[in-house]
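Structure, as C-alpha cells:
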Amino acid sequence: MANQKINERLATRLKEARKSRGLSLDSLAKLSGVSKSMLSQIERQESSPTVASLWNLTQALGMDFSGLLDDGTTEEDPIKEVVRAEKVPIINSRGTGCKIRILSAPESVGLTEIYDLEFEANGILESDPHRSGCVENLAVFSGELIATSDRAKETLGAGDTIRYAADRPHSIQAKDRPARAILIVEGS
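In terms of the working numbering, the sequence shown is residues 2 to 189.
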C-alpha cells in the first residue's frame, strides 16, 4: 500500500511538472535521456523508475529531487506557540506609568526581544546600559514619546520609528498624554 501511494505521488508530480512546462513525453524523453515509453509507464503507474532515471527527470524538469516523493506534510507544526492575551506576561513599572507586555518567547532573551509598551501621560521607562552593541528599535503607534540614548534625544509621533544604541543609559518617556509603542531589542 505504501509503495502504491509513492508511485501515485511520483506519477502525479512528474506529469504535473511536465505539463506545467509545456513538454510532451517526447520532449521530456529527449531532455532527460529517459525513454518515452518508460516515461509513459511511470506516469500511468505501470513502472517504478530507477534512482538514476528520477535524477535525470528532476534535472530536466528543474525540480527538487528531495521533495519529489515527500507527502507535503512536515513533522513539525508550523504554528510554534499561541499565547492568548490574558496569558501574555506583563510588567507594571511601579510609579513610572509604563506597562510592558512581553511578546517574545522566553528563549529569545538576549537575542531579539519584543515588547508592547503602554505609557500613561508623562510615564517613563528608564534602562541601564545593555550588552555592548545592543540596539533598540522603537515604533510609536499613538501619542508622542521622547527617546533618549546617552544625552541624545528625539521626539517621536504616531508612525515614527527610531533605532538607537542601548549599550548606554537610555529612556523612553511619554509627553503629556498616553502613548503606545512596540520596542524590539536586538542583542540585549
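We put the CB at the ideal spot given by N, CA and C, even for glycine.
Q. Looking only at its own chain, which residues have a Cβ that is under 8 Å from the Cβ of M2, when we skip the five neighbours before and after it?
A. For this step, residue 2 is matched to residue 1 along the sequence shown. Model confidence at M2 stands at a pLDDT of 47, short of 50, so the residue's coordinates are unreliable; what they give is reported in the following sentence. Non-local C-beta neighbours of M2 in its own chain, meaning closer than 8 Å and more than five positions away in sequence, are absent.
Q. With DSSP run on the structure shown, which of helix, strand or coil describes T13?
A. Residue numbering aside, residue 13 sits at position 12 when the sequence shown is read from its first letter. T13 sits in a helix when the DSSP states are folded into three classes.
Q) How many Å lie between E155 and P79 at the Cα? A) Position 154 of the sequence shown, counted from the first residue, corresponds to residue 155. Position 78 of the sequence shown, counted from the first residue, corresponds to residue 79. Their Cα atoms are separated by approximately 39 Å.
Q | Reference V83, options G96, L104, N93, C99, closest by Cα | A | In the sequence shown, the residue the question calls residue 83 occupies position 82. The residue with the shortest Cα to Cα distance from V83 is L104.
Q | Residue nearest to M64 in terms of C-alpha spacing, selected from E114, L11, G96 | A | Position 63 of the sequence shown, counted from the start, is the residue given in the question as residue 64. Nearest of E114, L11, G96 to M64, Cα basis: L11.
**Q.** Burial state of T162, where buried means 16 or more other Cβ atoms lie within 10 Å
**A.** What you label residue 162 is simply residue 161 of the sequence shown in a count that begins at 1. Around the Cβ of T162, a 10 Å sphere holds fewer than 16 other Cβ atoms; the residue is exposed.
Q: May I have the straight-line CA-CA distance separating Q174 from K81, to the nearest angstrom?
A: Translated into positions along the sequence shown, residue 174 becomes position 173. Translated into positions along the sequence shown, residue 81 becomes position 80. C-alpha separation (whole angstroms): 34 Å.
**Q.** DSSP three-state assignment for N8, whether helix, strand or coil
**A.** Residue 8 sits at position 7 when you count from the first residue of the sequence shown. Reduced to three states, the DSSP call for N8 is helix.
(Q) Tell me which residue opens and which closes the alpha helix (DSSP H) that V1 is part of. (A) Given that the chain is displayed from residue 2 to residue 189, the structure contains no residue 1 and the question cannot be resolved.
Q: Name the two residues that bound the continuous alpha helix (DSSP H) containing K31.
A: If you number the sequence shown from 1, residue 31 lands on position 30. Per DSSP, K31 belongs to the alpha helix (DSSP H) from 26-33.
Q. With 16 other CB atoms within 10 Å as the buried threshold, where does I92 fall?
A. For the purposes of this step, residue 92 is taken as the residue at position 91 of the sequence shown. Classification for I92: exposed.
**Q.** Straight-line gap, P179 to P90 (C-alpha atoms, nearest Å)
**A.** Taking the first residue of the sequence shown as position 1, residue 179 is located at position 178. Taking the first residue of the sequence shown as position 1, residue 90 is located at position 89. Each residue's alpha carbon lies about 21 Å from the other.
**Q.** Minimum C-alpha distance to R169 - residue among K88, A140, N123, S133
**A.** In the sequence shown, residue 169 corresponds to position 168, counting from 1. Nearest of K88, A140, N123, S133 to R169, Cα basis: S133.
Q: Could you name the residues that DSSP lists as bridge partners for K154?
A: In the sequence shown, residue 154 corresponds to position 153, counting from 1. Answer is T149, bridged to K154.
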